[in-house]
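Encoded as structure tokens, the structure appears first; notes follow it.
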Amino acid sequence: MGYMSVAFGGLVAFLFRSVNLLIGLLTLVVTANELGAAGRGTYVLGATVIGIVAAMTGGLTASTAYQVANQKRDPGAVLVNGGVVAAPFGVLAVISGIVAGEVLSGEPAAVAVSLGAGAAAVVVTSVVSGVYLGHDALVRYNITLVLPPLMSLAAIAVTTVVLEQDTPGAALWAFAVGQWLAMPILFGVGGLALVRSIRFEGDLAATMLRFSALAGISSAVSYLNYRADALVVERYEGTRGVGIYSVAVYMGESVWQFSGSLALATYARIGGATRAEAIALTTRVMRHTLVILGAVCLGLFAAADLLVGFLDPDYEPAAAALRIMLPGVLLYGLATAFSGYYTYQRGMPWASALVAAAGLIIDIALALWLVPAYGINGAALASTVAYVATILGALAIFAVESRVSPAEIFRFGRADLEDYRSFFRRLRSMASRGSDSTAQAQ
Numbered sequence: 020m021g022y023m024s025v026a027f028g029g030l031v032a033f034l035f036r037s038v039n040l041l042i043g044l045l046t047l048v049v050t051a052n053e054l055g056a057a058g059r060g061t062y063v064l065g066a067t068v069i070g071i072v073a074a075m076t077g078g079l080t081a082s083t084a085y086q087v088a089n090q091k092r093d094p095g096a097v098l099v100n101g102g103v104v105a106a107p108f109g110v111l112a113v114i115s116g117i118v119a120g121e122v123l124s125g126e127p128a129a130v131a132v133s134l135g136a137g138a139a140a141v142v143v144t145s146v147v148s149g150v151y152l153g154h155d156a157l158v159r160y161n162i163t164l165v166l167p168p169l170m171s172l173a174a175i176a177v178t179t180v181v182l183e184q185d186t187p188g189a190a191l192w193a194f195a196v197g198q199w200l201a202m203p204i205l206f207g208v209g210g211l212a213l214v215r216s217i218r219f220e221g222d223l224a225a226t227m228l229r230f231s232a233l234a235g236i237s238s239a240v241s242y243l244n245y246r247a248d249a250l251v252v253e254r255y256e257g258t259r260g261v262g263i264y265s266v267a268v269y270m271g272e273s274v275w276q277f278s279g280s281l282a283l284a285t286y287a288r289i290g291g292a293t294r295a296e297a298i299a300l301t302t303r304v305m306r307h308t309l310v311i312l313g314a315v316c317l318g319l320f321a322a323a324d325l326l327v328g329f330l331d332p333d334y335e336p337a338a339a340a341l342r343i344m345l346p347g348v349l350l351y352g353l354a355t356a357f358s359g360y361y362t363y364q365r366g367m368p369w370a371s372a373l374v375a376a377a378g379l380i381i382d383i384a385l386a387l388w389l390v391p392a393y394g395i396n397g398a399a400l401a402s403t404v405a406y407v408a409t410i411l412g413a414l415a416i417f418a419v420e421s422r423v424s425p426a427e428i429f430r431f432g433r434a435d436l437e438d439y440r441s442f443f444r445r446l447r448s449m450a451s452r453g454s455d456s457t458a459q460a461q
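Under the numbering used here, think of the first position of the sequence shown as 20, with each following residue one higher.
Shown next, in the form of structure tokens:
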């Protein structure tokens, strides 16, 4: 299997992540302006529930990718057996939504079934995306990341703008419908071709279930590490406060599209490399991440007021919260590379969970102290401290366990420069082919 350079593979991933970022931004604008601050707050809390499910089923993505990349299992067999593992969880999500709709009352009851339907779609998608990721099919993998939110955005826009059903419940139903509409297309772009021989292997399914359970717990804890403070904001500031704070959180987390792109381009390679090669590649990704995120965070810090200005004036306080959050966001961008190494190379997804759990405890403790006094700015400060503490702990574990010094992690070397040389050579080659094609067409 041939691999792209880190820089060029990161560019391919980032092109798709940029589309995903735009989709997320448009979804933010539509829901913020159509639902209002309080309505968006309710929508965000519902989306957080789906996000927790998505984080937990991210263990299925990690499990399938690990089996393909590290264990060299047939992608078709992994897809089928992963689907068998995922199906009961999807059914459970729908049943849970139905039961919650009957037991609860008010707004939670109104959105419960839609949350279950949306969560079930996320469960199924996680298996398909994991196979593509482990197979190093980056284009197909990124389609699984982009298409579902795109379809959901279209459904939300039609529901809230065209049909004028501007309630959180209607928006969440539209989200679920969009997720399911994307499903046949995701299989059509390559999933069906991978299934060479449909067969159930009990040992493989059991192994994937165990791995996905550990990875799922890790992902869920990590997700809560940067979502728990929103629940504290809801307790003291109400859904309106959550709606405003969610804007700052979204803009801050959008920075991780860059770090995620770099790490994503190396997951399959890290899974199949020797230990020493994987360590070297992981530290290279960390160095590139700091350089790129540093520049992006500076730009975002300067443009915070301008970006928030595109929304309703009610969201103006989000700019200050965003600026407070950015230092932690910058450093926590390294967590993606750390998690990728321990998940796909070491087969130890729980390592990330332990680190994230410590950050979660710090985040909640500080938020409970700071939010009553400082509102959403207190939540942003709690997040920043938690992010910094979490990633410093992660780097300490990585350095000790891998026997590398801080200097080896952060010092640029010849391989780093070669990444950029390869990147620019590839760009020149693409530009040259484009010019030749244009000349021939004329």
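C-beta: ideal position from N, C-alpha, C; glycine also.
Report back the beta-carbon spacing between residue i and residue j to the nearest angstrom; my notes put them in contact at under 8 Å.
i                 : j            : result
leucine 243       : leucine 379  : 5 Å
valine 304        : valine 390   : Not quite, the Cβ-Cβ distance comes to about 34 Å (not below 8 Å), so this is no contact.
alanine 190       : threonine 83 : Rounded, the Cβ-Cβ distance is 31 Å, inconsistent with contact.
phenylalanine 431 : arginine 288 : Not a contact, Cβ separation roughly 20 Å.
isoleucine 410    : tyrosine 351 : 5 Å
proline 368       : glycine 78   : 7 Å
Reducing DSSP to helix, strand and coil, say where residue i ends up.
i                 : result
methionine 270    : helix
threonine 293     : coil
aspartate 382     : helix
glutamine 86      : helix
phenylalanine 35  : helix
arginine 222      : Looking at the sequence shown, residue 222 is not arginine but aspartate. DSSP places aspartate 222 in helix when its eight states are reduced to three.
arginine 422      : coil
glutamate 437     : helix
phenylalanine 320 : helix
glycine 328       : coil
phenylalanine 230 : helix
glutamate 429     : In the sequence as presented, glutamate is not what sits at residue 429; that position holds phenylalanine. If DSSP states are grouped into helix, strand and coil, phenylalanine 429 belongs with the helices.
methionine 75     : helix
Between the C-alpha atoms of residue i and residue j, what's the straight-line distance to the nearest angstrom?
i              : j              : result
glycine 109    : glutamate 437  : 44 Å
methionine 23  : glycine 260    : Unreliable placement is indicated for methionine 23, whose pLDDT of 49 sits below 50; the coordinate value is still reported in the next sentence. Computed Cα separation, rounded: 44 Å.
isoleucine 395 : asparagine 39  : 26 Å
glutamine 276  : alanine 426    : 26 Å
valine 150     : glutamine 184  : 37 Å
proline 336    : leucine 309    : 28 Å
glycine 102    : valine 177     : 31 Å
arginine 229   : serine 358     : 18 Å
glycine 279    : leucine 34     : 12 Å
arginine 36    : leucine 164    : 8 Å
alanine 415    : aspartate 331  : 43 Å
serine 231     : proline 94     : 16 Å
serine 371     : leucine 353    : 12 Å
alanine 249    : methionine 227 : 32 Å
alanine 193    : serine 124     : 21 Å
valine 266     : glycine 366    : 35 Å
valine 315     : glycine 43     : 18 Å
leucine 325    : leucine 319    : 10 Å
tyrosine 269   : isoleucine 236 : 23 Å
isoleucine 343 : leucine 400    : 6 Å
glycine 21     : glycine 291    : In this predicted model, glycine 21 has a pLDDT of only 46, less than 50, meaning its place in the structure is not dependable enough to derive any value.
valine 132     : isoleucine 175 : 17 Å
Taking only beta-carbon atoms, is residue i less than 8 Å away from chain D?
i              : result
isoleucine 381 : Chain labels in this structure do not include chain D; a single protein chain is all it has.
Measuring from the CB of residue i, is there a heavy atom of the ligand HEM at a distance below 7 Å?
i             : result
aspartate 331 : The ligand HEM is not part of this structure, which contains no ligands at all.
Query raised in the report: Of all the alpha helix (DSSP H) runs that stay within the bounds of the segment 157-207, which reach a length of 4 or more residues?
Result: Taking only runs of at least 4 residues, the alpha helix (DSSP H) segments lying wholly in the segment 157-207 are 157-176, 187-205.
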